[in-house]
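Student: Chains as they are written, first to last, in my numbering: chain A, -3 to 172; chain B, -3 to 172. First the structure, which I've put down as structure tokens, then a few questions once you've had a look.
There are 2 protein chains.
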Amino acid sequence: MRTLALSKVYQLIEPGPVVLLTTKGDDGPNIMTMSWHMMLEFEPPRIACCVGDTDFSFAALDATGECVIGIPAVHLARKVVGIGNCHGNRIDKFATFGLTPKPGKMVKAPLILECFANLECKVIDRRMVRDYDVFILEVIQAWIDPTQKSRKTIHHQGYGKFVVDGRIVTLPSKMR
Amino acid sequence: MRTLALSKVYQLIEPGPVVLLTTKGDDGPNIMTMSWHMMLEFEPPRIACCVGDTDFSFAALDATGECVIGIPAVHLARKVVGIGNCHGNRIDKFATFGLTPKPGKMVKAPLILECFANLECKVIDRRMVRDYDVFILEVIQAWIDPTQKSRKTIHHQGYGKFVVDGRIVTLPSKMR
């Protein structure tokens, strides 16, 4: 994996893909599937995400203040759904789903080798956790896998139905 | 347009489409293009969105506490980009872009007739406005246009590059 400029992180998150969030608490590494997230700032890249307190990852995220957001391409869809359908207190999700944890540089939560991009994040604001389960993250290191050429992502429409990235439309625009 | 059950609203927002946000302040109705939003709650449907204080819509949204989120299909992509590239203090965006304002039921901000779905929203929390430009919205009335069969949305990857919804993958899942 190669370093990705932090200025480009929003281009991965703004389209709204389903992502994987890893944490590393006292019980070891865990992964959860996440679709409720948005960009808040281009640089430094800031992301808001919704992690419920019934999610097993909640305690580790809250305690360590660190996580990694991995972005899976469509070929990982079955694993993404499997991860979303089981609870990390009972199983090692990396082993169960054949994913490879890879040490990051800035946080203890692992990167996921099979994801085409990984974002190392620190929690910078917990004020909205109590009322809305919202953590504000800052991305402090980003990685891209140049060997993965197919980067079509999946977007959840509910009940296991996903729309896959299709064709590209490019229009003249002053918007970043 | 027909009523859409509020329980289904998340299925439109969770996939991360570019949306149009309308407001109606003292200067009349306005439209902005928005990509930074996420679901916060299934029912009542709650949405967080980022509207910067340099956006012309900011003042009207803040003052009235009301807006409509319209969801455009890909055939509206050029209008969506045009709206994102001009400032509402100078022009009537409905007239300029040939869009039709339609009165809503619960809020003064107009629906956009050409969007296949419209969500009438109230601002319920402004605590994160000052630091992050984040408004928390609750959807109080939702509409769907049954005559629009093509509902492929667009997702912004930066600088006018959009990925269009492609094929559907459905996998067995216990996730809502």
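For each residue, glycine too, the CB sits at the ideal point set by N, CA and C.
1. Assuming P40(A) contacts P97(A) (C-beta within less than 8 angstroms), just tell me the rounded distance between them.
2. Residues in its own chain within less than 7 angstroms of C111(B) by CB, not counting five upstream and five downstream?
3. I'd like to check one pair, K89(B) with P103(B): are the Cβ atoms closer than 9 angstroms?
4. According to DSSP, which residues form a beta bridge with F158(A)?
5. Three or more C-beta pairs under 8 angstroms: does that hold for the stretch 44 to 61 of chain B against the stretch 1 to 12 of chain B?
6. Are the C-beta of K148(B) and some C-beta of chain A separated by less than 9 angstroms?
7. So, for A105(B): in the same chain, excluding its five sequence neighbours on each side, which residues have a beta-carbon less than 6 angstroms away from its beta-carbon?
8. Based on DSSP bridge pairs, tell me the residues matched to M28(A).
9. Would you kindly work out how many angstroms separate the C-alpha atoms of L95(A) and D23(B), rounded to a whole number?
10. DSSP three-state call for R172(A): helix, strand or coil?
11. Since T149(A) contacts D141(A) with CB under 8 angstroms, what's their CB separation in whole angstroms?
12. With A138(A) as the anchor, note down where its beta strand (DSSP E) starts and where it stops.
13. Does any CB atom of chain B fall closer than 9 angstroms to the CB of M28(A)?
14. From the beta carbon of I108(A), is the nearest beta carbon of chain B less than 9 angstroms away?
15. Name the residue from P99(B), A44(B), Q7(B) whose alpha carbon lies nearest to the alpha carbon of D121(B).
16. Closer than 9 angstroms, CB to CB, is T170(A) near chain B or not?
17. Does I132(A) get closer than 9 angstroms to chain B when you measure Cβ to Cβ?
Tutor: Short version:
1. Numbered from its first residue, the first sequence carries residue 40(A) at position 44. Numbered from its first residue, the first sequence carries residue 97(A) at position 101. With 8 angstroms as the limit, P40(A) and P97(A) do not qualify as a contact, their Cβ atoms being about 25 angstroms apart.
2. Locating residue 111(B) in the second sequence gives position 115, counting from the first residue. So the qualifying residues of the chain are L16, G66, I67, P68.
3. Sequence index remark: in the second sequence, residue 103(B) carries index 107 (1-based). Sequence index remark: in the second sequence, residue 89(B) carries index 93 (1-based). The sequence given here has Val at residue 103(B), not Pro. No. Outside cutoff.
4. Walking along the first sequence from the start, residue 158(A) turns up at place 162. Its beta-bridge partners are H152(A), V165(B).
5. no
6. As a working note, residue 148(B) is residue 152 in the second sequence. Answer yes: the Cβ-Cβ gap between K148(B) and chain A drops below 9 angstroms somewhere.
7. Reading the second sequence from its first residue, position 109 is the one you call residue 105(B). T18, T19, K20, E62, C63, V64.
8. Along the first sequence, one-based indexing puts residue 28(A) at 32. BP columns for M28(A) point to L17(A).
9. Here residue 95(A) refers to the residue found at position 99 when the first sequence is read from its first residue. Here residue 23(B) refers to the residue found at position 27 when the second sequence is read from its first residue. Spanning the two alpha carbons is a distance of roughly 54 angstroms.
10. Along the first sequence, one-based indexing puts residue 172(A) at 176. It is coil, neither helix nor strand.
11. Position 153 of the first sequence, counted from the start, is the residue given in the question as residue 149(A). Position 145 of the first sequence, counted from the start, is the residue given in the question as residue 141(A). In fact, because the Cβ distance is near 14 angstroms, the residues do not count as touching under 8 angstroms.
12. The residue given as residue 138(A) occupies position 142 in the first sequence. Run containing A138(A): 130 to 140, per the beta strand (DSSP E) assignment.
13. Residue 28(A) sits at position 32 when you count from the first residue of the first sequence. Not an interface residue.
14. By one-based count along the first sequence, residue 108(A) stands at place 112. No, I108(A) lies away from the interface with chain B (no Cβ there is under 9 angstroms from its Cβ).
15. In the second sequence, residue 121(B) corresponds to position 125, counting from 1. Answer by Cα proximity: A44(B).
16. On the first sequence, position 174 is the one that residue 170(A) refers to. A small correction: the amino acid at residue 170(A) is Lys; Thr does not occupy that position in the sequence shown. With 9 angstroms as the cut-off, K170(A) counts as an interface residue toward chain B.
17. Position 136 of the first sequence, counted from the start, is the residue given in the question as residue 132(A). Yes, its Cβ sits closer than 9 angstroms to a Cβ of chain B.
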